[in-house]
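Chains as they are written, first to last, in the working numbering: chain A, 25 to 111; chain B, 1466 to 1971; chain C, -18 to 230; chain D, 11 to 137.
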């Protein structure tokens, strides 16, 4: 379990790229529910990033809170604010 | 074995808040009693701590969990935080007592949960004022912010939108603060304020770009939280649309405690030398503060709604304190700190007086002031004292803070700030003169007017004396007396509390 | 307004990127964050708290005052959402959206839920109580436990879940978890130590100071877990039903 | 040696199914078939992959590797339960939401409304 900075920097870049894509998509997508789902995906990539940084505790929390529960709660909220609205 | 009083200041409201959520079935009276009891005990602990700090002349350090800093977290109560703690305790207790009728009016159900949030907000503010750790400060900032969102949104209707705006701005501010703390942590490896100050004074870190940007982010975050001029757009609507009890608690305290955090970050974590010589922004900040003072007062002048007018006056007062803190001399600093205390009490008494008037007349516009001196003499008297304090008329404390600020501005050669202070005083005089004229003479011109617009023909000329209920009147009177008392004992406050906390390098 | 907002965003991004030029290298063992306090925690952590997982030791003992207020933040969130959303008055419901009714249908979902939820709850308890040795602790365990109730109400219905875990009970759990945490702090205070100095429990439990710290960490983690679990469920109840507790997602 | 071959075979099979899933998600015409492809292919290929990994772990047999093996098998079981159920739930929700299904346009030349209807709904769904 040692961290090697040179081993997987491509993986690092890939995750960061996906995070940027998810962040932009969450802002620009039409419809609140789809934005909520993309936010969940963003949380998942954040979680991967934490794992990659060997911060397992944080990754664990992020997976449980960000990717699972908060996505459900955001979707549950979004259904009241007209889920297919344009903004 | 250490003296345990500092922890009681924070732990008692915290326990009260947790218990208040559990005692719903016992009814609102028990909840009210528990809240008042907890706030008084907390105030007592704050007073005891202040007395000890003044007697020993040095800061009290309380180690949480018996871990020595920088490993653990400590509470640090020095002269500055003791003064702010007592101010928070007094304001919270007074607005707690005051809230008996108005809170019940705004919250027909779940009053105990409302009071739980009320107590939690006070916990957050007290914790911020006594924190000795920058991350702990952030956590307590979040608590008080969350509680204030809930309390403000309780106003219903338009308050939801105003609070949402406040929520977004507040979250951005807190994020900036946290980011700044993060940068500083990476560069220093410590979160304890005293330890940070020690590390940051090293030669190698003085030039660091990251530290500089970390400081910028922290200050920007705090400015967003305290609504300094270009970032103030959220404040007036959020505060003026809240329920009366909420406004009386939040309006005097939230922004003042943010000013306290700014002072703490500027002079405890960073040093005066670093801020005024390494980062030379102070002239820019003084321009911003002057703009805040003048524009806040002018906008306040244009308002018809009384509470909105008062919120714009808060924006102007924030300008006073910021300007005073960045003048970089002792008089300016004294004025800023003294104004934190004075403005808390001024805003509290004005909001409580206006709340009492609204409670009786049901009208939030300036028309409600018609003939108030006849109908509600005590409320009107407190309003007069608060107004005199904002304008800066001698026996009240507002005069002395403005005096120190002017002195500091003249010493620093910041003529624009001097001009802004004078213009703002003039504007405030005009604003309050207009209101008080209506309050004094409005009744005499047209006898039917004061009895009520609904029944203009009942006018027998007999003016009804209808003061607010006693639970509202007593805190009002105490706040008015405190304004005068603080003004009379200015010299003692400055000598025993503020002089001690003047940072080195002035 | 939009171009203005973009300019501000761009300035913030530039500022934050500029700040990175000075930062120490990624995972640099010589950086201040790794040399100032971390060695102390790593070397003494086990001897002072008998907790092999340094993260747990720092979170729940060295900086337990922060963690207390973090759990209170979570508690405050549920209180705020409840105060703002929950409506008891019977009136015209604001909600007019289509909500599928799946009473008495969908055996597959219920079967899957029946087989997953118990395992999930056991795992949550494992995460909570194994926090001394492995990554995990009160927050994570509580969230997983709360998620199991959310799964229950997703697969069955909100009413079914609310019969199992009543709204009043949820609120009591919210407050009691934080009360347990703060109460342990107060017990330590009463035993003559500082607030949250778990060594004060040694006299009550009949163990050494170091073991008492370990037990104290366990107890406060349980408190955090209870609060977080109840808050997750409470947030879901309030948000999914729009505050009327009639029917949910 | 045999285990190695088995592992490689399983991994390649898994990859083939993954590719099929991806192609299916992109190429299938309507909501139901896409979710079907995603659900089935994804489950099988994930199970294949994890099974291959657990076998690979077991090559150097020890207590620790046995523990890892058991954990991986538990994950496989979980996915085997959860993933098809989730697919089922999504399709069920789509059915209740009255998402129209795809029919071959040439079979029913008279019924052109259906096709446009599908396109409209697809826009709605795939936001």
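Glycine included, C-beta positions come from ideal geometry on N, C-alpha and C.
Proximity test, Cβ basis, 8 Å: residue i and chain C
i	result
residue 85 (chain A)	yes
residue 1532 (chain B)	yes
residue 88 (chain A)	yes
residue 56 (chain D)	no
residue 1619 (chain B)	yes
residue 66 (chain A)	no
residue 1655 (chain B)	yes
residue 101 (chain A)	yes
residue 1911 (chain B)	Reliability of the predicted coordinates at residue 1911 (chain B) is poor, the pLDDT of 46 falling under 50, and the value obtained from them is presented with this limitation in mind. It does not: the Cβ of residue 1911 (chain B) has no partner Cβ on chain C nearer than 8 Å.
residue 46 (chain D)	no
residue 95 (chain D)	yes
residue 93 (chain A)	yes
residue 1535 (chain B)	yes
residue 81 (chain A)	yes
residue 48 (chain A)	no
residue 14 (chain D)	no
residue 102 (chain D)	yes
residue 61 (chain A)	no
Residues sharing a beta bridge with residue i, DSSP
i	result
residue 113 (chain C)	DSSP lists no partner for residue 113 (chain C).
residue 111 (chain D)	In DSSP, residue 111 (chain D) forms no bridge with anything.
residue 1596 (chain B)	B:1540
residue 1528 (chain B)	B:1539
residue 1770 (chain B)	B:1830
Integer Cβ distance of residue i from residue j, believed to fall under 8 Å
i	j	result
residue 1941 (chain B)	residue 1817 (chain B)	5 Å
residue 211 (chain C)	residue 154 (chain C)	3 Å
residue 1811 (chain B)	residue 1904 (chain B)	Actually they are not in contact, since the Cβ atoms of residue 1811 (chain B) and residue 1904 (chain B) sit about 18 Å apart, beyond 8 Å.
residue 1611 (chain B)	residue 163 (chain C)	About 17 Å; that fails the 8 Å criterion.
residue 1641 (chain B)	residue 1616 (chain B)	That belief does not hold up - the Cβ atoms of residue 1641 (chain B) and residue 1616 (chain B) are roughly 23 Å apart, past 8 Å.
residue 1841 (chain B)	residue 1957 (chain B)	Residue 1841 (chain B) to residue 1957 (chain B), Cβ: 33 Å. No contact.
residue 1870 (chain B)	residue 1785 (chain B)	6 Å
residue 1814 (chain B)	residue 1851 (chain B)	4 Å
residue 158 (chain C)	residue 52 (chain C)	7 Å
residue 1561 (chain B)	residue 1504 (chain B)	5 Å
residue 1676 (chain B)	residue 1691 (chain B)	The Cβ separation is near 22 Å, so there is no contact.
CB contact check: residue i to chain D, cutoff 8 Å
i	result
residue 6 (chain C)	no
residue -12 (chain C)	no
residue 97 (chain C)	yes
residue 93 (chain C)	yes
residue 42 (chain C)	no
Any chain A beta carbon closer than 8 Å to residue i
i	result
residue 127 (chain C)	yes
residue 36 (chain C)	yes
residue 121 (chain C)	yes
residue 220 (chain C)	yes
Below-8 Å beta-carbon distance, residue i vs any chain B residue
i	result
residue 225 (chain C)	no
residue -1 (chain C)	yes
residue 63 (chain C)	yes
residue 200 (chain C)	no
Report task. List in chain order: all unbroken beta strand (DSSP E) runs of 3+ residues lying wholly within the segment 179 to 223 of chain C. Result -> none
Query raised in the report: At what residue ranges does the segment 1807 to 1854 of chain B contain a whole run of the alpha helix (DSSP H), taking only runs of 4 or more?
Result: 1837 to 1840
Query raised in the report: Unbroken beta strand (DSSP E) runs of length 3 or more, entirely within the segment 136 to 171 of chain C: which are they?
Result: none
Query raised in the report: Would the segment 1720 to 1728 of chain B and the segment 1643 to 1660 of chain B be scored as touching if the rule is three or more Cβ pairs under 8 Å?
Result: no
Query raised in the report: On the three-pair Cβ rule with 8 Å, is the segment 1648 to 1661 of chain B touching the segment 1678 to 1688 of chain B?
Result: yes
Query raised in the report: How do the segment 90 to 107 of chain C and the segment 122 to 135 of chain C stand: do at least 3 beta-carbon pairs fall below 8 Å, yes or no?
Result: yes
Query raised in the report: Are there three or more Cβ pairs, one per stretch, closer than 8 Å when the segment 1686 to 1704 of chain B is compared with the segment 1622 to 1631 of chain B?
Result: yes
Query raised in the report: Do three or more CB pairs link the segment 1652 to 1661 of chain B to the segment 1531 to 1540 of chain B at distances below 8 Å?
Result: yes
Query raised in the report: Can you list, in chain order, the stretches of the alpha helix (DSSP H) that have 4 or more residues and sit fully within the segment 1604 to 1657 of chain B?
Result: 1623 to 1653
**Report entry** Contact the segment 1826 to 1838 of chain B vs the segment 1572 to 1587 of chain B: 3+ CB pairs below 8 Å
**Finding:** no
Query raised in the report: Are three or more beta carbon pairs between the segment 1593 to 1600 of chain B and the segment 1706 to 1714 of chain B nearer than 8 Å?
Result: no
Query raised in the report: So does the segment 53 to 61 of chain D actually touch the segment 23 to 35 of chain D, counting three or more Cβ pairs closer than 8 Å?
Result: yes
Report task. Could you say if the segment 1873 to 1887 of chain B and the segment 1782 to 1798 of chain B meet the contact criterion of at least three C-beta pairs nearer than 8 Å? Result -> yes
Report task. Identify every run of the alpha helix (DSSP H) within the segment 1688 to 1736 of chain B, keeping only runs that are complete inside it and at least 4 residues long; order them along the chain. Result -> 1700 to 1705 and 1709 to 1729
Requested in this report: At 3 residues or longer, and completely inside the segment -13 to 47 of chain C: list those beta strand (DSSP E) runs for me, N to C.
Outcome: none
Query raised in the report: Using 8 Å as the Cβ pair cut-off and three pairs as the minimum, do the segment 54 to 62 of chain A and the segment 93 to 104 of chain A touch?
Result: yes
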